[in-house]
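Protein chains: 4
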Amino acid sequence: MRSRVDPEAVVEPVSSHTLRRRVQFYELDSAGIVHFSTYFRYMEEAEHAMWRAAGLSIAPLGSEVGFPRVNATCDYHAPLRFEDEFDVHVRIAAMTGKAIRYAYELRRGDVRVATASVTILCVRKAPDGSMKAAPIPSSIAARFTVAGDAGVPQA
Amino acid sequence: MRSRVDPEAVVEPVSSHTLRRRVQFYELDSAGIVHFSTYFRYMEEAEHAMWRAAGLSIAPLGSEVGFPRVNATCDYHAPLRFEDEFDVHVRIAAMTGKAIRYAYELRRGDVRVATASVTILCVRKAPDGSMKAAPIPSSIAARFTVAGDAGVPQA
Amino acid sequence: MRSRVDPEAVVEPVSSHTLRRRVQFYELDSAGIVHFSTYFRYMEEAEHAMWRAAGLSIAPLGSEVGFPRVNATCDYHAPLRFEDEFDVHVRIAAMTGKAIRYAYELRRGDVRVATASVTILCVRKAPDGSMKAAPIPSSIAARFTVAGDAGVPQA
Amino acid sequence: MRSRVDPEAVVEPVSSHTLRRRVQFYELDSAGIVHFSTYFRYMEEAEHAMWRAAGLSIAPLGSEVGFPRVNATCDYHAPLRFEDEFDVHVRIAAMTGKAIRYAYELRRGDVRVATASVTILCVRKAPDGSMKAAPIPSSIAARFTVAGDAGVPQA
């Protein structure tokens, strides 16, 4: 149960992914809706599921590269409540040698819950804990591609 | 997508449930293992999934009763790491007129990760926010029963 | 210990606030730096401290109005590590009849850690849990004012 | 601002500590009270503050030892609500060559909110991520001592 990647061979590079999720009690605030900071955790879950679908882990044990976030932004359109089921759609909106920008849409059925964007930067970690921007390893870059219009969910 | 209960008719009372879960990145601490407080959130997820399997929501909108925790205890046997898949087994270990005690076992394949216990108390909420112990409504109590030996996972 | 407001009389409307905070262990991710979603929680802490400094609570028990977030955005400039002490500076960047936009800067000594913006909307809560945009009550609006240049921390 | 220890010389070993804390909005659940899992985070904050008071950091960068939890238990006596101020009192209840057991009491003024216990184990970390029980380094053990009756808060 520790194989971190999907077992099937991965042929085509990946450009989008959809995660189905249910709201948990500890994610609510006292207004009975999901706390705004939690949306960024939902987005991260969908991102990492997309990496697994590409045959990758974003943080394998002992890795010398990491992917900290340099920007995160979210527009909140509708609340999520206890036990709601919803979808997190992530697609690769842009990719450079050192950075990837994801675009997100969260939906509960027909309701658009949030639209968002997160940019990650590839860094190389030094033994002293410092981090320096570095090229995305080709073994990773080759597995992803920018989403075309087909990657955009239809409203 | 807002029906909070499983649609099929529920005939037999429920005494245990198993939730399959994957470790998310934001649940790790800086040692690369799941933070000890997060185990209690995993247990809550399994508990609420058991309530749904019993045709119930533990916190429907506007409910006059609630189920705060009066005791929680966990023994940690093995760590969980990024993207590990594991099972949370919950069973009803004891039930009185006002309280339910759950027993938990977390497993990653053959590895016993944690054993735990949580006791909840039924309370009636007053408009001023105060809470007072109250009998578990019969519509809820009728859906659950204490687990026999069959509810204990075999090591 | 339940008085939710600062005891001294509040005369001048408030336009900014600075919160000193220390990084806690459970806020780190497995890279040993604060998780990006946690920055939004730091910002919320500073915001609510500013409300208290204005003699207000943003969520008094039984309140009929609430302030959900409609946008949140953050640029991450430098990491925060275990036990780092840092400052969260919040100022009111814009205010309309129904919304407030906060601008944030997080600093660890001379290091600019993050710059951010969060917009909140005043809503009136219906008994069925739905929320509708509503004017900010005058008792609240009168306590705040948009920050001038004096509210901008000097780099 | 990165000095992780209190600057004054530490002479006497430490056996207890009290942390004053305020409830934050993101720590509440939809019942308007602090989520039960969060109490363990409060306890961790008080524990690490006690380590700092002893001139130590529990997780300095690059440390070869760590202190995972092997047991955590909490009895919940009274709820905590938004913006409540409360105290977390931690004392060393027992100490062996490889483990420390803390006893906790949380109070809001005269109200006893929770009593709890957490046991930590000293481990040595291998490069492959595995952990093995190990003696508490003497530089750490020398800074702590089991609390006598003086360490017990008076009700």
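Chains as they are written, first to last, in the working numbering: chain A, 105 to 259; chain B, 105 to 259; chain C, 105 to 259; chain D, 105 to 259.
Don't be surprised by glycine CBs; every beta carbon is placed ideally from N, CA and C.
Note that the structure is predicted; figures quoted are calculated from it, not measured.
Inter-residue spacing [alpha-carbon to alpha-carbon] between residue i and residue j
i, j, result
"PHE248(A)", "THR200(A)", "11 Å"
"ASN175(A)", "HIS121(A)", "20 Å"
"GLY233(D)", "GLU168(D)", "11 Å"
"LEU165(A)", "GLY136(B)", "8 Å"
"GLN258(C)", "VAL215(C)", "For GLN258(C), the predicted structure reports a pLDDT of 43, less than 50, and the residue's modelled location is therefore unreliable. A value from the coordinates is still provided. C-alpha separation (whole angstroms): 12 Å."
"TYR146(D)", "ALA158(A)", "39 Å"
"PRO231(B)", "LYS229(C)", "16 Å"
"THR142(A)", "PHE186(B)", "19 Å"
"MET210(B)", "LEU210(A)", "According to the sequence as given, residue 210(B) is Leu; it is not Met. Their Cα atoms are separated by approximately 30 Å."
"TYR208(D)", "TYR208(A)", "43 Å"
"GLY170(B)", "PHE144(B)", "18 Å"
Cβ-Cβ distance between residue i and residue j below 8 Å
i, j, result
"ALA163(C)", "LYS202(C)", "no"
"LYS236(A)", "VAL227(A)", "yes"
"ALA182(C)", "VAL127(C)", "no"
"ASP188(D)", "TYR130(A)", "no"
Alpha helix (DSSP H) segment containing residue i, residue limits
i, result
"ALA157(B)", "142 to 157"
Residue interval of the beta strand (DSSP E) (run including residue i)
i, result
"ALA245(D)", "Per DSSP, ALA245(D) belongs to no beta strand (DSSP E); it is in the alpha helix (DSSP H), 242 to 245."
"SER119(D)", "Element bounds for SER119(D): n/a, residue is neither H nor E."
"ALA237(A)", "235 to 237"
Same chain, Cβ closer than 7 Å to residue i, neighbours up to 5 away in sequence not counted
i, result
"GLU151(D)", "VAL194 and TYR206"
"LEU184(B)", "VAL127, ILE137, VAL138, PHE190, ARG212 and VAL217"
"SER242(A)", "none"
"ALA246(A)", "PRO117"
"ALA153(C)", "HIS121 and LEU123"
"ALA198(B)", "ARG205 and VAL250"
"THR90(D)", "The requested residue 90(D) does not occur in the structure, where chain D is confined to residues 105 to 259."
"PHE140(D)", "TYR180"
Cβ-based neighbour list, residue i, same chain, cut-off 6 Å, excluding 5 preceding and 5 following
i, result
"ASP179(D)", "THR219"
"ILE240(B)", "CYS226"
"TRP155(D)", "ILE162"
8 Å Cβ shell around residue i - same chain, five flanking residues per side excluded
i, result
"PRO172(C)", "ILE224, LEU225, VAL227 and MET235"
"SER119(C)", "ARG195, ILE196, PHE248, THR249, VAL250, ALA251, GLY252 and GLY255"
"GLU149(D)", "LEU123, ARG125 and VAL192"
Which ranges does the beta strand (DSSP E) cover as unbroken runs of at least 3 residues, wholly within the stretch 161 to 227 of chain C, from first to last along the chain? Runs found: 173 to 180, 189 to 199, 203 to 212 and 215 to 225.
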